[in-house]
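A.B. asks: Below is the structure I would like to discuss, written out as structure tokens.
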Amino acid sequence: MISIDIYSRTPVYQQIIDEMKKEIVLGILPPGAQLSSVRELSIELDINPNTVQKAYIELERQGLIHSVPGKGSFVTEDAGAQIRRLIAQEESERIRAAAGHLASVGFSEEIILEWIHDIFRNSKGENYHD
Amino acid sequence: MKNIFNVKLYLQALKKIKLLGIACSAITVVISMLIPIFDLLKELEDKRRLGTAQFHKLYDQANIISDGIFSPMLILLIIFTPFFFFSMFSYLNKRNESDFYHAIPFKRTTVVVSFSAAIYTWLWGTALVSLLINTLLWSLCESFSFSFLLVPKLLGIVCFATLYFGAFTLLAITLTGTPVSSSTLALILFCLFRVVTFFFTSIIDNHFSYIDLTKSYLSIFSTKYWFPVAFLRGFFSDMSVFSNAALWIWSSIVVIGFFALGIHFYRTRKSETASKSAPSKRLQHLYRLAFTLPFALLTVFMAFVENDFSVILIFLVLTLLAYYLYELITTKSIKSMLKCTPYLLVLAAVCAVFSGAVFGSFAVFSNESTAVEDIKEVGFYEKRSELFSFEDRYYTLSYEEMTTNDLTISSEEARKIVSDAWLRTKEDSHIFYSELYQTRDVLIVRPSGRSIGRRLLFTTDEFNRLEDLLLSSPEYNNAFLEIPSEKEFYDGSLRCCVNDAQNYTDFEINKKIWNLFVAEYNELSEQDKILFKQNALPDATHYRITGRGDHHSTAFRIDYTVPASFVKTIEALQPLYEYELDDQYTMMKDEFERCKQLDFKEGDYSISIDGYLLCNNVSGPVSVNGFIEPVSEDESTRLAVEKIIAFLKDHLATRKEFQNNDCGMITLQINHFSSDYYTAVNIPIAKVPYTDAALFKETCSNISYEKDTEAMIFDIRQRMKDFLAKGKENCELNVHFKTYYDNNDEDPIWFDNALHYDGANQSEFETLENAFDWLDSHIVAAYDYMHGDYQTVTLVLYNYTLEIEEILEIPIGAKIPREDFDDFAKRTFGEDYNIQKEE
Amino acid sequence: MIEAVGITKYFENFKALNNLNCKIPDSCIYGLVGSNGAGKSTFLRLISGVYKPDEGTILMDGQPVYENPDVKKNILYVTDDLYFLPQSNMKRMADFYHAIYENFSYEKFNELTETFKLDPGKNFNTFSKGMRRQAATILALAAKPRYLFFDETFDGLDPVMRNLVKRCIYSDVLDRKTTTIITSHSLRELEDVCDQLAMLHKGGIVFESDIQDLKTSLFKVQIAFGDPFDQNKFPDIEMVNYSQKGSVANIIVRGDRDAIKAKLRLMNPLVLDILPLTLEEVFIYEMEALGYAFKDMID
């Protein structure tokens, strides 16, 4: 179940979106899976249904879910792939920026690659996502 | 309909004022119920004490209402009406409550109509229940009888009255935001107009007492169409007002108009009016002005009427007080109270306009033309009192007065008489107090068709001539000679009576007698009819028919004496009376017997005597009254009582004399405390000689007349006897009778005649003897003598033969009717006895 | 939808609302903030048809409200100054409401009274102020309105009750797309319930925004440099407020957080912290940005 913090600096709807995305990409919500209804989620999380609605509308706009009137909202087929693509885009940008930064202050390519290998070696068995 | 009334809202409204509604119903029904219960109990008590219900109350249709027996219900409901409105609409005085009721999903019109309907459901329901309970209770009374058709009529009037008073209250509530200001505004709306017209007419009345404003100007100065006055009059005095269509039309216009305004202002009302004394500052000024206006006009009235400046000043101060207090109390702010000072100018301006109108009227009335050319028609009318007055109860118009009211003639002579009288009245109001003139209300129609009313002074001749002229007009004549049909009488009001004893026989029988009476009346010649109507028919019997009724919404009464020539009527009446009079006579005798058995030696008692005696040698009644209470050490009271009882016992009239009204009547009231006995009984007394009557009168007055007076009178009598005795044989006698005769209401006369006896002529002596007898038997009672209530006949007695000369001053009773004295004079001195009238 | 256009309302000579414009969509939970006397109650009374606007129009779903029972029957307004029928209890009021509002449901009423643990038979005289508020709320909710107005009702409700009411409102939003307006003095009361927030000041709505957007619109940057600097160091950053003490500057910034963070990082500051603002702080700065001194607006 997703959890949100209403007092966080991140808007609630954004938190919902992020959580949903996480569940989709981790396979907890496989393609075609039905999401909790707006009502259910609103009651469960004790938040304004409009907020939930807003989140779902945005997810739909991003093509990650589609709503069938009367039935509910479902994960689209390529939602996972889409999200992965997005993450890949974002993170690769970040790696590029980080590597660039390290390089500009004198770290060599070998050391940077070493650190990356270390990460994978040490986190075997652990979750990749954090 | 959907926009005007909502059932669910109405039901909720009923519940909302449930407490007040129940209280109103309970109080009204219970208190109103007390009256028939009291009547029932009284009837039971009468039955127990006397065997039958002695007092048969047969209410006629008019009496029921105007006797006020429904008054508690009416008054209570009218009092409750504003309370209901204040309670139901109290939310308009608080902001948050007002907003609540404006938030509910109904149009404002729906709310106010539904709420008002709920109020009237409670009020009218209470009226209906109370009426039904009361009529049910009265139907259990044997001695009570009225038509149940009266109930819807009464209900309608009462309901309308609640509507009337409710309309003002509602309008006032919607136009203000506090209970205090609502109440005062309701009062203002209710009567401001009338207050203004009242002051106006009062000032005019004071200045021109002969002018009757109510007769013209569309009756706006008359309160006869003002519902509250008409309502009070109808319920306490004269029910005919309720038959007047104009009253209902005007009042309905007022009710509908004010309710419409109330609904309109409820709709447009702004929330911020709640808890404020007026919706806007301007209206507050207006309300304050309206409230103070009666006080200001009162001051103006005083200024016109009073000369004493200090009195006017007092009222001026009162006005200012009212002005400022209103502001202070309604706004609870000293600041606003001070700030309203400049607006006093507006008040002053209004008073100035009012005064201007008054002065204008003065000018108009002072200059009004009394010329014959400006008078088209004249007639008489009866001016009725404007405000409710008890006089009206006993002063219902006679049928003749009513039918001839407002009838006019246009004869030149009549108009001239009126014109002269008018000029006289107008020029000199002092003569109102003179005995030479009498006043009458005259209707004058101008050539333009406008009618005005003036109370004019006529000499007796003028008045009589005018009456004759009126009678000679066929229209007037016919109206005057009209006689009511049986339908016009209120149920049960037709009564036949003899000697003031009323009968309580069947209405149907009375109606039959009436019809006989009418038939015989119609057979009279016109001359006789006129005489009859003027109560001048010579053959009057002591049978009378009375009744009250309603002719074209004016009440009338009749009181006709049945002439002896109406044989059929009398034939029908007689049997009724025999029984009734018998009954009465027996009752009286029985009661009197009981009185005689009381013990007046010991005990605490008081006796009151009131009535009159008839004398067989004097044509008028001798009034008797007195009050006796025992004085402990004094035997004289007991003796007096014994004398009185003895007198009454010895002179009881016979049944026949009583029937023929040929007797005196003494009402004896005895309060015998020690035996707890109280009675009031009418005792018919046969005719007695004047001296006995005088003596009785004196005994009743319980004054121990001075021995001297007794002695003096004895002495006079003795000397008269002596003179006659001495002079009977062979003496020449001359007696000079001198007196200044003043019967208290006639022109005083000097009387100076002589009788002569030559000593032998028997008839001359007899004349003298008779004269002395008459004087002897008319000697005044000591009581009257003590009070100077006598006149003196001076006798100068000459006995030439024995050379005796004597002067006697004989006091005879002052109240001896003039005819008796003239009769005596004629008999004694012949037709041309010597009388000198005072110049 | 509630649409108020050009609303002006006078009380005698006092202009309570001045050319107010406002659009509240269906199922919105709209929070209205303002100091005492700002006109919150007046506004609510106007849109519930109690007052008539002196100028302008108010339409609910395209229909005018004033004197329109068909529209008003869907509006329930819980005032701050509560009114109950005298000497009554909840049952009596329910009876009244049942007659007045055709959608009133006894079932829901009973359910709510149980949930809130109030005795419908007890006289209101025995209720505490908070209980009265709850009672009024229950009655309003039981009438199943499409428009629900709470005038400072939440102020002073205890957290448990508050939560219950919140859930009821949410439920109504889901079931009937109920539009709710809640007024309050304080933002904290509204923060977790409303999705729209507006500020009423001097007779008009001066600020209106989605609450969530509000939270992200501004953030605080704490930055320090070795060398002396001033405001002008940051020319292409949209700043709402700037204060500096010595070498540390506190900047309230509007814009995309990450982008600005990256930009600032390029300047090589000694200290760089991006801090969130509380809703109130955001509000205050937004007001300042609009030119209003916050201290005369909120208690």
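Chains as they are written, first to last, in the numbering used here: chain A, 14 to 143; chain B, 626 to 1464; chain C, -11 to 287. Heads up, the beta-carbon is just placed ideally off N, CA and C, and yes, glycines get one too.
1) Using only the alpha-carbon positions, how far apart do C/N62 and B/M713 sit?
2) Taking the C-alpha atoms as reference points, what is the distance between B/F680 and B/K667?
3) Using a Cβ-Cβ cut-off of less than 9 angstroms, give me the residues of the segment 12 to 24 of chain C that come near chain A, in sequence order.
4) Going by C-alpha distance, which of A/S86, A/Q28, A/V118, A/N135 is nearest A/I47?
5) Could you check where the alpha helix (DSSP H) with C/A186 kicks off and where it finishes?
6) Shorter than 8 angstroms from the beta carbon of A/N135 to some beta carbon of chain C?
7) Could you check what DSSP says for B/P1002 in three-state terms: helix, strand or coil?
8) Evaluate contact between the segment 904 to 918 of chain B and the segment 793 to 810 of chain B, counting only Cβ atoms and requiring at least three cross-stretch pairs below 8 angstroms.
9) What ranges does the beta strand (DSSP E) occupy inside the segment 1054 to 1090 of chain B, keeping only unbroken runs of at least 3 residues that lie completely in it?
10) Can you tell which of B/C766, B/E897, B/C816 has its C-alpha closest to the C-alpha of B/D724?
11) Within 10 angstroms of its Cβ, does B/R1452 collect 16 or more other Cβ (buried), or is it exposed?
12) Under 8 angstroms, do B/L972 and B/T917 count as touching if we go by C-beta distance?
13) When the cut-off is 8 angstroms and only beta carbons count, does A/P6 lie next to chain C?
14) Return the chain-ordered ranges of every beta strand (DSSP E) run that is complete within the segment 1280 to 1331 of chain B and spans a minimum of 3 residues.
15) Could you check where the alpha helix (DSSP H) with A/E32 kicks off and where it finishes?
16) Is the beta carbon of B/I629 less than 8 angstroms from the beta carbon of B/V738?
17) Return the CA-CA distance between B/R894 and B/R733, expressed in angstroms with no decimal places.
18) Give the residues of chain A in contact with C/Q210, contact being defined as C-beta atoms less than 8 angstroms apart.
19) Under the assumption that C/Q184 contacts C/Y18 (Cβ atoms under 8 angstroms), give the Cβ distance between them as a whole number of angstroms.
20) Any C-beta of chain A sitting closer than 8 angstroms to the C-beta of C/Q200?
21) What is the DSSP secondary structure of B/R1182, counted as helix, strand or coil?
22) Residues of the segment 82 to 93 of chain C with a CB closer than 9 angstroms to any CB of chain B: list them in chain order, please.
23) Taking the beta carbon of B/Y1185 as the centre, do at least 16 other beta carbons fall within 10 Å, making it buried, or is it exposed?
24) Name the DSSP bridge partner or partners of B/E1026?
25) Leaving aside the five residues before and after B/S1014 along the sequence, list all residues of the same chain whose C-beta is less than 6 angstroms from its C-beta, in chain order.
26) Using the rule of at least 16 other Cβ atoms within 10 Å of the residue's Cβ for burial, across every protein chain shown, is B/S1231 buried or exposed?
27) In chain C, which residues lie less than 7 angstroms from A/I19 when you measure between Cβ atoms?
28) Using a threshold of 8 angstroms, state whether the C-beta atoms of C/T167 and C/S15 are closer than that.
29) Does the beta carbon of C/K203 sit closer than 8 angstroms to a beta carbon anywhere in chain A?
30) Can at least three beta-carbon pairs, one atom from the segment 1188 to 1195 of chain B and one from the segment 1259 to 1279 of chain B, be found at a separation below 8 angstroms?
31) When the Cβ atoms of the segment 176 to 193 of chain C are set against those of the segment 73 to 89 of chain A, are three or more pairs found closer than 8 angstroms?
32) Pick helix, strand or coil for B/N718, following the three-state DSSP scheme.
33) Could you name each continuous beta strand (DSSP E) segment of 3 residues or more that falls completely within the segment 164 to 225 of chain C, going from the start of the chain to the end?
34) Sort B/R1075, B/P919, B/S868 by Cα distance to B/T839 and report the nearest one.
35) Taking a contact to mean a Cβ-Cβ separation below 8 angstroms, would you say B/F1105 touches B/T1028 in this structure?
36) Please check if any C-beta of chain C sits within less than 8 angstroms of the C-beta of B/I729.
C.D. replies: Well, looking at it:
1) 25 angstroms
2) Because the pLDDT at B/F680 is just 46, under 50, the model does not fix this residue reliably, and the value given afterwards should be weighed accordingly. Spanning the two alpha carbons is a distance of roughly 10 angstroms.
3) Answer set for the segment 12 to 24 of chain C: S15, C16, I17.
4) One detail in the question is off: residue 47 of chain A reads as Gln in this sequence, not Ile. Check the Cα spacing between A/Q47 and each of A/S86, A/Q28, A/V118, A/N135: the tightest is with A/S86.
5) Counting along the chain, C/A186 sits inside no alpha helix (DSSP H); it lies in the beta strand (DSSP E) bounded by residues 184 to 189.
6) Not flagged as an interface residue toward chain C: A/N135, since no C-beta distance is shorter than 8 angstroms.
7) Just to set this straight, residue 1002 of chain B is Glu in the shown sequence, not Pro. In this structure, B/E1002 counts as strand in the three-state DSSP scheme.
8) yes
9) 1062 to 1070, 1076 to 1084
10) B/E897
11) It is exposed - the Cβ of B/R1452 has fewer than 16 other Cβ atoms within 10 Å.
12) yes
13) Within the shown structure, residues of chain A are numbered from 14 to 143, placing residue 6 of chain A beyond reach of any answer.
14) Restricting attention to beta strand (DSSP E) runs no shorter than 3 residues, the segment 1280 to 1331 of chain B encloses them at 1289 to 1297, 1302 to 1310, ordered along the chain.
15) 25 to 38
16) Annotated as proximal: B/I629 and B/V738, with beta-carbon spacing under 8 angstroms.
17) 10 angstroms
18) Ordered by position in chain A, no residue passes the 8 angstroms Cβ test against C/Q210, which lies about 14 angstroms from the chain.
19) 5 angstroms
20) yes
21) If DSSP states are grouped into helix, strand and coil, B/R1182 belongs with the strands.
22) D83, F84, H86, A87, I88, Y89, E90
23) buried
24) Looking at the DSSP output, B/E1026 sits in no beta bridge, so it has no partner there.
25) In this prediction, B/S1014 has a pLDDT of 49, which is less than 50 and means its spatial position is unreliable; what the coordinates show is noted afterwards. Cβ neighbours of B/S1014 beyond the five flanking positions: none.
26) exposed
27) Per Cβ cutoff of 7 angstroms: D180.
28) yes
29) yes
30) no
31) Output reads no: the segment 73 to 89 of chain A does not touch the segment 176 to 193 of chain C.
32) helix
33) 167 to 172, 184 to 189, 192 to 198, 206 to 212
34) B/R1075
35) yes
36) For B/I729, the answer is yes, since a Cβ of chain C falls inside 8 angstroms of its Cβ.
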